[in-house]
Structures are given as C-alpha cells and as structure tokens.
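Be aware that the sequence shown starts at -19, since it is given in the numbering used here, and climbs by one per residue. Working notes, beginning with the structure itself.
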Amino acid sequence: IDFSATNPDYTANIRVLETFRGDEALNMINSDSYSDYKPKEGYEFIIAKVAFSALSVQNDSSIDVSYSDFDFYSGNNEEYDSVYISMNEELSRNIYAGGTAEGYIVGMVKTDDKSPKLVYGLSSLGKETYGKAVWFALQ
C-alpha cells in the first residue's frame, strides 16, 4: 500500500509495509516488552509496519513522525480506541526532506473484523488535520 499525502508544510509518501494480527502480533508485543499484554475479550492486537518518507518540506524544517498520527478504524468506519503499547521499533522519528521514518503502530481490533483500516491525518475530533486524510485498508 503506497500513497502520497500533501500537507501545507510538506509532501510525504506513506507506505504500509506489513501487517500482523492475532497471535503473531501478540507474540511480537510480548517479546518486545517487560509486560504481559492481553487483548480485551473479542479483540486482537494488530501491528502495522509503516514507512513515512518526506519528499519535500518547507523552509528546510523537519517533520515529527509518530505512531500517534495514525488511528485504526473498523471495516465499518468506526474508530477503535487507541492502544498505548511501546515497542522498540515504534514509528517515532524526526526527519527532514529526503528522510524516511519506519516503524510499528499498534492497535486493537475486533477478531471478526476482516477489513480494518489505518488512517493518517485525522485529529482526535475525527476531522482532517493535514488537509487530506489518507486511508489504508489492512488485511
């Protein structure tokens, strides 16, 4: 999955490289943590590995790229609650034009949701913050 996003201050290419769900995601989380995490009943963890490349940035500034800029939604476009689980390779970098940040974003989705989505560019109020939200279908 590959998409270019434009913000008034920068243009970026965002790619979802891999997606992990269920036991595979749970094992990745627990092997990378001192805690023993478990999803709530009827849910499973999902991890998206994302690459965020800055194509251009105004005024030679930098971009703070973070997992918190992304949200998980159901196949029915309902927002899932945020999950705050830190991983060693989480998406969290400061980059300049030409740079790429790559890392994991952790969420929790219903086990029977066959088509969850990851979205970049929505605020906590569900409104587009960066001019145009970018939606990725996950499998």
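Cβ coordinates follow ideal geometry from the N, Cα and C atoms, glycine included.
Inter-residue spacing [alpha-carbon to alpha-carbon] between residue i and residue j
i, j, result
"Asp40", "Gly83", "24 Å"
"Tyr76", "Gln119", "31 Å"
"Thr80", "Phe25", "25 Å"
"Gln38", "Lys18", "42 Å"
"Asn57", "Tyr100", "14 Å"
"Ile85", "Thr91", "18 Å"
Residues of its chain near residue i, where Cβ-Cβ distance is below 7 Å and the 5 sequence neighbours each way are ignored
i, result
"Lys94", "Gly55"
"Ser42", "Asn74, Ile75 and Tyr76"
"Asp16", "Asn10"
6 Å CB neighbourhood of residue i in its chain, flanking five on each side removed
i, result
"Thr(-9)", "Leu35 and Ser36"
"Asn68", "Asp12"
"Glu(-11)", "It is Asp, not Glu, that sits at residue -11 in the sequence shown. Gln38, listed in sequence order."
Of the residues the options, the one placed nearest residue i, counting alpha carbons only
i, options, result
"Ser62", "Glu69, Tyr47 and Leu71", "Tyr47"
"Pro96", "Phe32, Tyr23, Ser66 and Glu70", "Tyr23"
Same chain only: Cβ atoms within 8 Å of residue i, ignoring 5 sequence neighbours per side
i, result
"Thr(-1)", "Ile26, Ile27, Ala28, Lys29, Leu118 and Gln119"
First and last residue of the uninterrupted alpha helix (DSSP H) at residue i
i, result
"Ala5", "Gly2 to Ser11"
Beta strand (DSSP E) segment containing residue i, residue limits
i, result
"Gly83", "Thr80 to Lys90"
"Ser95", "No beta strand (DSSP E) contains Ser95, which DSSP labels as neither H nor E."
Which full runs of the beta strand (DSSP E) of 3+ residues lie inside the region 29 to 59, going along the chain? Counting only runs of 3 or more, we get 43 to 46 and 50 to 53.
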